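If you want our numbering, it's the position in the sequence shown, counting the first as 1, plus 121. We treat Cβ as the ideally placed atom computed from N, Cα and C, and that holds for glycine. All figures in this text were calculated on a predicted structure; none of them were measured in a lab.
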Amino acid sequence: MNCDDGNRCTADNCTNGGQCAHDPIPPTCSVDFESSTMCSTVFVTLPLKITNTGPCEATYDWFVLQDAGVATLHPIPQFGTTTIAAGATVQVDIVAAIDPAAPPNSDQTLTAYVYVANPPQPACTDTAHVWVPKFPEINLRYKTFIKCPVISTGTNPAMHDYFAGDGRTFDYESLKFRTYQSGLLTLDPSSLPGLTLVNTIIGTSHAYDSSKIWSPPGSSPPCPEDVIPGQLPDCTEMGSGTLTITSMRITSDPDIFEIHVFISTKGGVGCAIAAPYIDADIEIELRQRCVLGILLPPEYRFSGGHDGYPCHEIYLNESLIYGYDPDTAVPPTNVNSLWGWNDVTIATGYLIWSFIP
Numbered sequence: 122m123n124c125d126d127g128n129r130c131t132a133d134n135c136t137n138g139g140q141c142a143h144d145p146i147p148p149t150c151s152v153d154f155e156s157s158t159m160c161s162t163v164f165v166t167l168p169l170k171i172t173n174t175g176p177c178e179a180t181y182d183w184f185v186l187q188d189a190g191v192a193t194l195h196p197i198p199q200f201g202t203t204t205i206a207a208g209a210t211v212q213v214d215i216v217a218a219i220d221p222a223a224p225p226n227s228d229q230t231l232t233a234y235v236y237v238a239n240p241p242q243p244a245c246t247d248t249a250h251v252w253v254p255k256f257p258e259i260n261l262r263y264k265t266f267i268k269c270p271v272i273s274t275g276t277n278p279a280m281h282d283y284f285a286g287d288g289r290t291f292d293y294e295s296l297k298f299r300t301y302q303s304g305l306l307t308l309d310p311s312s313l314p315g316l317t318l319v320n321t322i323i324g325t326s327h328a329y330d331s332s333k334i335w336s337p338p339g340s341s342p343p344c345p346e347d348v349i350p351g352q353l354p355d356c357t358e359m360g361s362g363t364l365t366i367t368s369m370r371i372t373s374d375p376d377i378f379e380i381h382v383f384i385s386t387k388g389g390v391g392c393a394i395a396a397p398y399i400d401a402d403i404e405i406e407l408r409q410r411c412v413l414g415i416l417l418p419p420e421y422r423f424s425g426g427h428d429g430y431p432c433h434e435i436y437l438n439e440s441l442i443y444g445y446d447p448d449t450a451v452p453p454t455n456v457n458s459l460w461g462w463n464d465v466t467i468a469t470g471y472l473i474w475s476f477i478p
């Protein structure tokens with residue numbers, strides 16, 4: 122007995138009573154819920170691909186749920202209905218907004234369920250993972266300082282004989298400086314601006330007559346002189362000038378979070394009728410790359426230029442990334458380099474990206 126009714130969507134069976142039965146073939150499906158390859162603290166898009174693996178067109182209901190105990194992702198939309206031809210695949214984009222309270226560097230999971238409501242069928246499911254990235258805060262600090270306790274101004278009639286220096290070497294914590302510029306940075310695209318807590322200070326100058334200067338026992342170049350103990354300065358005056366730190370986000374690549382920081386220094390000394398400025402123009406580039414949904418640690422590179430005097434130091438998160446000492450420069454420089462403009466070119470750090478220590 123031939124029960125074929127020519128309908129591929131039915132099963133052609135012969136019943137015990139010798140009658141033909143044409144029962145509908147239940148629809149089937151498969152689902153591919155792709156994990157995020159984005160690094161974002163705002164939202165991600167997760168492709169949900171539903172394939173009709175049955176012989177006939179079918180209508181499927183689908184919905185997306187957070188796994189139990191996970192309360193950090195909010196899928197929009199969470200459910201829907203779609204009709205799919207036999208053997209075809211339909212993609213639905215699930216937009217997941219990330220809760221600001223989501224712990225950084227955590228792996229959050231969503232599960233997609235696809236089922237046929239009529240007649241009811243077991244759901245086909247798949248899970249997708251979302252990596253909640255961590256964008257650490259980065260402390261930037263740039264200072265200039267005079268290494269020796271005092272420096273001679275020579276025979277310049279517009280200046281006192283000696284000026285007090287800072288009497289130190291490279292030191293992140295030291296508050297002895299000629300100029301001070303700092304800021305707090307983040308590469309998190311949801312944080313605007315990326316540069317906050319900017320602080321700029323021009324140091325106070327102390328000037329002395331040559332009669333108040335001596336060469337302490339055991340002193341030697343490059344710092345052979347100091348102020349005689351107990352002597353007071355002939356002049357104390359705050360320096361003048363302009364110090365700025367600005368930033369600009371670079372958004373040309375969605376998988377790279379990048380900020381360029383521009384440091385401009387024009388700091389002058391006090392206690393002088395005419396004196397040159399400490400000049401610097403430095404650009405620091407910071408970035409974090411997203412690779413297959415994983416956010417790599419922040420990297421940096423820098424370029425620019427500054428005067429050949431005094432000492433210059435740049436810190437990221439308390440680590441010295443650039444230090445310049447006039448006495449060890451090739452060739453060595455001195456206070457006369459202040460009369461120039463960006464005598465020293467910073468080029469060594471520009472071509473190579475380095476991870477922030």
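In this structure, the CA atom of ARG262 is about 9 Å from the CA atom of LEU441.
When secondary structure is reduced to three states using DSSP, ASN457 falls in the helix class. Taking 7 Å as the cut-off, the Cβ atoms of THR162 and ASP309 count as close.
ALA142 is classed as exposed because its beta carbon has fewer than 16 other beta carbons within 10 Å across all chains shown.
Taking the C-beta atoms as reference points, ASN438 is found nearer than 7 Å to ILE477. Cβ neighbours of CYS411 within its own chain (closer than 6 Å, five residues either side excluded): CYS160 and ASP376.
Annotated as distal: THR265 and PRO447, with beta-carbon spacing of 7 Å or more. Take the alpha-carbon of THR248 and the one of GLN199: they are about 14 Å apart. Considering only ALA207, ASP282, THR210 and GLY360, the residue with the shortest C-alpha distance to TRP335 is ASP282. Secondary structure note for PRO168: its beta strand (DSSP E) is the uninterrupted segment 164 to 173. Looking at the DSSP output, GLU155 shares a beta bridge with no other residue. In this structure, DSSP gives LYS264 an extended state, which the three-state scheme calls strand.
Taking C-beta separations shorter than 8 Å and ignoring five residues to either side along the sequence, the partners of PHE423 in its chain run ILE403, GLU404, ILE405, GLU406, ILE435, ILE442, TYR443, ILE467, GLY470 and TYR471, following chain order. A direct Cα-Cα distance of roughly 29 Å separates THR174 from LEU413. Nearest C-alpha to PRO148 among CYS177, ILE384, ASN260 and PRO270: CYS177. A contact is defined here as three or more CB-CB pairs under 8 Å, and the stretch 386 to 403 fails this definition with respect to the stretch 340 to 352. For GLN352, the CB contacts under 8 Å within the same chain, skipping 5 residues up- and downstream, are TYR329 and LYS333 in chain order. In this structure, VAL213 sits away from ILE205, with a CB-CB distance that is not shorter than 7 Å.
For ASN226, there is no enclosing beta strand (DSSP E), as DSSP marks it with neither H nor E. In the structure shown, the three-state DSSP call for LYS387 is strand.
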